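**Student:** In this note's numbering, the protein residues as written are 21 to 260.
Note that the Cβ used here is the ideal one computed from N, Cα and C, for glycine as well.
What you are looking at is a predicted structure, and each value in this text was computed from that prediction instead of being measured.
First the structure, then my questions, so here it is.
Written out as structure tokens, the structure reads:
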């Protein structure tokens with residue numbers, strides 16, 4: 021009997037942010053796939069899994085951190101075929117992904133590619149805590165209140181539209197902003213919102229850095245850098 025595939029959100033990297041449901045599914049899974057880098061090195065999601073349930077059932081799937089699945093793209097197809105082989109053994113097959121599997125996750129293109137090979141396969145997801153939630157909690161920031169509008173912007177393709185977003189939304193969350201972070205800081209400064217900028221790097225991990233406002237470095241940062249631009253609220257300022 022063909023197994024079922026479960027995309028498991030393991031949070032932003034801190035093992036203590038793994039949910040009870042995610043831990044249960046990982047314990048039940050016969051195989052746990054994890055995303056690895058292009059050369060096959062261990063990733064952050066794998067570290068969470070190994071620290072929670074051990075390494076015995078973990079298998080790495082190497083593919084790029086960015087980009088959507090495209091028909092015929094070899095690396096995604098190879099990964100999907102490997103998952104198919106695991107599903108043929110029955111039971112639960114898990115794929116652990118940072119954050120939430122429905123939000124800019126490698127699980128989405130993998131599942132789409134898998135559907136082409138196995139249209140009737142059962143696919144489920146377990147939600148996970150996101151990087152923006154973790155950054156807000158660690159920095160003391162409040163993401164949104166009342167009727168405030170929040171925008172989530174992926175920065176992998178650049179930040180040309182960031183000035184427009186900063187003008188149109190109260191809170192702006194920036195994902196994968198590392199390479200273009202100098203441009204981010206300049207855009208936020210020009211918008212007059214630098215005091216409301218908070219940046220998080222390596223959240224919950226050794227080397228964690230959280231910086232506010234003018235203390236945020238105007239320099240490139242790691243790929244998975246998360247930043248939030250907060251609104252001023254009734255003269256309360258930004259920091260707690």
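#1: Unbroken alpha helix (DSSP H) runs of length 4 or more, entirely within the stretch 116-163: which are they?
#2: Is the stretch 200-211 touching the stretch 230-238, taking contact as three or more C-beta pairs under 8 Å?
#3: The alpha helix (DSSP H) that contains residue 202, what's its start and end?
#4: Residues in the same chain with beta-carbon distance under 7 Å from residue 36, minus the five sequence neighbours each way, listed in chain order, please.
#5: Using only CA atoms, which one of 69, 215, 191 lies nearest to residue 7?
#6: How many Å lie between residue 210 and residue 147 at the Cα?
#7: On the three-pair Cβ rule with 8 Å, is the stretch 132-141 touching the stretch 43-50?
#8: Any C-beta of chain C sitting closer than 8 Å to the C-beta of residue 55?
#9: Between residue 173 and residue 182, is the Cβ-Cβ spacing less than 8 Å?
#10: Which of helix, strand or coil does DSSP assign to residue 99?
#11: From residue 45 to residue 103, what does the alpha carbon distance come to, in whole angstroms?
#12: Specify the secondary structure class of residue 107 as computed by DSSP and reduced to three states.
#13: Between which two residues does the beta strand (DSSP E) holding residue 30 run?
#14: Rank 143, 80, 82, 223 by C-alpha distance to the C-alpha of residue 150 and give the top, closest one.
**Tutor:** Let me spell this out:
#1: DSSP runs (the alpha helix (DSSP H)) wholly in the stretch 116-163: 127-137, 151-159.
#2: Yes: at least three Cβ pairs fall under 8 Å.
#3: Along the chain shown, read from residue 1 onward, the residue named residue 202 stands at position 182. First-last of the alpha helix (DSSP H) with residue 202: 201-210.
#4: The count along the chain shown starts at 1 and reaches residue 36 at position 16. Excluding residues within five positions, none has a Cβ falling inside 7 Å.
#5: Missing from the structure shown is residue 7; the chain here goes from 21 to 260 and no further.
#6: By one-based count along the chain shown, residue 210 stands at place 190. By one-based count along the chain shown, residue 147 stands at place 127. It is roughly 36 Å from the alpha-carbon of residue 210 to the alpha-carbon of residue 147.
#7: At 8 Å Cβ cutoff, the stretches do not touch.
#8: You won't find chain C in this structure, because it holds only one protein chain.
#9: Counted from its first residue, the chain shown places residue 173 at position 153. Counted from its first residue, the chain shown places residue 182 at position 162. Contact flag set, yes.
#10: As a first step, residue 99 is located in the chain shown; it is residue number 79 there, counting from the start. Residue 99: helix per DSSP, three-state reduction.
#11: Looking up residue 45 in the chain shown gives position 25. Looking up residue 103 in the chain shown gives position 83. Spanning the alpha carbons of residue 45 and residue 103 requires a straight line of approximately 17 Å.
#12: As a first step, residue 107 must be located in the chain shown, where it is residue number 87. Collapsing the DSSP output to three states places residue 107 in a helix.
#13: Your numbering for residue 30 matches position 10 in the chain shown. First-last for residue 30: undefined, no H or E at that position.
#14: By 1-based counting over the chain shown, the position of residue 150 is 130. In terms of Cα proximity to residue 150, the closest of 143, 80, 82, 223 is 223.
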